[in-house]
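**Student:** With the sequence shown counted from 1, adding 782 to any position gets you this note's numbering. Ideal placement from N, C-alpha and C gives every residue a C-beta, glycine not left out. The structure under discussion is supplied below as structure tokens; questions concerning it will follow.
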Amino acid sequence: MKLLNQFMQGKKWIACQTAVSDFQTILQTVGGCKEKERATHMLEHITIVSDTLSERAFKLKCSGKLKQRAKVIFGTGDYHQAITVTANAGFVRAAENQGVSFAVFLHGSRALTEQKEISAIHLEGDVHPSESLEHTNDASMNTCSPLIDKDVAS
Numbered sequence: 783m784k785l786l787n788q789f790m791q792g793k794k795w796i797a798c799q800t801a802v803s804d805f806q807t808i809l810q811t812v813g814g815c816k817e818k819e820r821a822t823h824m825l826e827h828i829t830i831v832s833d834t835l836s837e838r839a840f841k842l843k844c845s846g847k848l849k850q851r852a853k854v855i856f857g858t859g860d861y862h863q864a865i866t867v868t869a870n871a872g873f874v875r876a877a878e879n880q881g882v883s884f885a886v887f888l889h890g891s892r893a894l895t896e897q898k899e900i901s902a903i904h905l906e907g908d909v910h911p912s913e914s915l916e917h918t919n920d921a922s923m924n925t926c927s928p929l930i931d932k933d934v935a936s
């Protein structure tokens with residue numbers, strides 16, 4: 783993540799509506815409170831742009847690793863001549879196999895894990911999440927504020 787943070791520093795961040803909507807759905811489904819807080823902070827720095835595929839992306843044929851949703855996301859980045867930050871190496875390779883190379887910064891995938899940590903089975907020798915400094919045992923642990931899309935709320 784350190785390399786990703788360094789790469790993103792000082793850059794204008796954009797994301798297409800599809801990427802933001804899908805991210806928010808995933809976040810609401812499996813994200814923990816701290817993850818939602820970090821996401822809210824991150825989204826404050828992002829300009830949401832409409833889904834607009836570049837001609838190169840539009841011509842790509844969908845396949846097992848090349849889905850329409852990813853075409854929209856990468857195609858919008860390509861349309862805006864932006865570097866797409868992604869963990870989706872499969873799509874990048876599939877597009878290259880069709881002769882289209884997108885400007886990308888590949889990073890390792892990271893799952894949202896807070897909700898899983900709360901209900902994780904304690905293994906001998908491991909520190910249970912409820913014993914760490916970042917977690918508490920109170921009932922409010924599973925309750926947090928919903929993520930609000932400021933563009934929709936205003």
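Please return the same chain residues whose Cβ sits closer than 7 Å to the Cβ of K843, not counting the five positions on each side in sequence.
**Tutor:** So the qualifying residues of the chain are Q880.
**Student:** How many Å lie between E939 and G859 at the Cα?
**Tutor:** No statement about residue 939 is possible, as the shown extent of the chain runs from 783 to 936 and does not include it.
**Student:** Near I830, what residues of its chain come up, given a Cβ to Cβ distance below 7 Å and the 5 sequence neighbours on each side ignored?
**Tutor:** Closer than 7 Å at Cβ, skipping near neighbours: A797, Q799, V802 and D933.
**Student:** Tell me whether T834 sits in a helix, a strand or coil according to DSSP, three-state version.
**Tutor:** T834: coil per DSSP, three-state reduction.
**Student:** According to the Cβ coordinates, are A869 and G890 closer than 8 Å?
**Tutor:** Result yes, Cβ atoms of A869 and G890 sit closer than 8 Å.
**Student:** Looking at the secondary structure, which residues open and close the beta strand (DSSP E) in which I796 lies?
**Tutor:** Start and end: W795 to C798.
**Student:** In angstroms with no decimal places, state the Cα-to-Cα distance between F856 and K841.
**Tutor:** Rounded to whole angstroms, F856 to K841 spans 13 Å at the Cα level.
**Student:** Let's test the definition: count the other Cβ atoms within 10 Å of the Cβ of Q806 and tell me whether it reaches 16, buried, or not, exposed.
**Tutor:** Buried: at least 16 other Cβ atoms inside 10 Å.
**Student:** Work out the CA separation of A839 and V812 for me, nearest whole Å.
**Tutor:** Going from the Cα of V812 to the Cα of A839 covers about 30 Å.
**Student:** Quick one: grab the DSSP three-state call for F856.
**Tutor:** Three-state DSSP puts F856 in a helix.
**Student:** Report, in whole angstroms, the separation of the C-beta atoms of W795 and H827, which I expect to be a contact under 8 Å.
**Tutor:** W795 to H827, Cβ: 5 Å. Contact.
**Student:** Let me confirm a value: A885 is counted as buried when at least 16 other C-beta atoms fall within 10 Å, else exposed. Which label applies?
**Tutor:** A885 should be labelled exposed.
**Student:** Return helix, strand or coil for V886, following the three-state DSSP convention.
**Tutor:** Of the three classes helix, strand and coil, the one that applies to V886 here is strand, per DSSP.
**Student:** At which residues does the alpha helix (DSSP H) containing C815 begin and terminate?
**Tutor:** Run containing C815: C815 to L825, per the alpha helix (DSSP H) assignment.
**Student:** May I have the straight-line CA-CA distance separating M790 from G846, to the nearest angstrom?
**Tutor:** One C-alpha to the other measures close to 30 Å.
**Student:** Of the residues Q863, A864 and T834, which one's Cα is nearest the Cα of Q850?
**Tutor:** The option with the nearest alpha carbon to Q850 is T834.
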